[in-house]
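Residue numbers (the numbering used here), protein chains in the order written: chain A, -6 to 105; chain B, 143 to 250.
Heads up, the thing below is written out as structure tokens.
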């Protein structure tokens, strides 16, 4: 069966520090991969999606970036965090597009 | 205007009540529609897809009105375990766009 792992689960970072969130999917090949952010009291905002290795589409201009170095690995990064980057970050995969999204357990980021 | 709009609630209902959530979407070319459920501080999970003819899954009924660009979710005989946030989701050009969610609290 397919599983998705995301880490770290929780992190507290100072403003201006770098960020790296990692996500891996097991049990499937060539998944569509997504990064969403959910700010407090708000809906999920699509940040990046990828249909294959090295193929990244950005939905919102910001100081975040994403990379897909391997088929089932998706990384969200920032060189310098802002206060507004705080939120709940969710990685997800789907077998096809559009299709059911399967989410990781999320990474709760607090920028101080 | 947001692409997907929902009444955030919260909806506070007693056990056994029937409750309905509504959702509107702005892009008439939207192709697929879903309801997801998100428990507090957890990841969203698919509750059900929404089909043009309407569909039912146990106590849950979903309906789609393409002319009005409107989706609904009806929950009958509410249980305490139904307390959660319900997210309306619309597919545009292959991407899933989420509403901000409607929070339901079922009280004993």
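All C-beta atoms in this analysis are idealised placements derived from N, C-alpha and C, irrespective of residue type, glycine included.
{"Check": "Inter-residue Cα distance where the pair is residue 79 of chain A and residue 236 of chain B", "Outcome": "27 Å"}
{"Check": "Beta-carbon neighbours of residue 42 of chain A, restricted to chain B and to distances below 8 Å", "Outcome": "237"}
{"Check": "Between the CA atoms of residue 105 of chain A and residue 11 of chain A - distance to the nearest angstrom", "Outcome": "13 Å"}
{"Check": "Pairwise C-alpha distance: residue 218 of chain B and residue 231 of chain B", "Outcome": "21 Å"}
{"Check": "Spatial distance of residue 20 of chain A from residue 82 of chain A (CA atoms)", "Outcome": "22 Å"}
{"Check": "8 Å Cβ cutoff, residue 173 of chain B in contact with chain A", "Outcome": "yes"}
{"Check": "Per-residue contacts from residue 240 of chain B into chain A (C-beta, under 7 Å)", "Outcome": "36, 37"}
{"Check": "Chain B within 8 Å of residue 94 of chain A, Cβ atoms only", "Outcome": "yes"}
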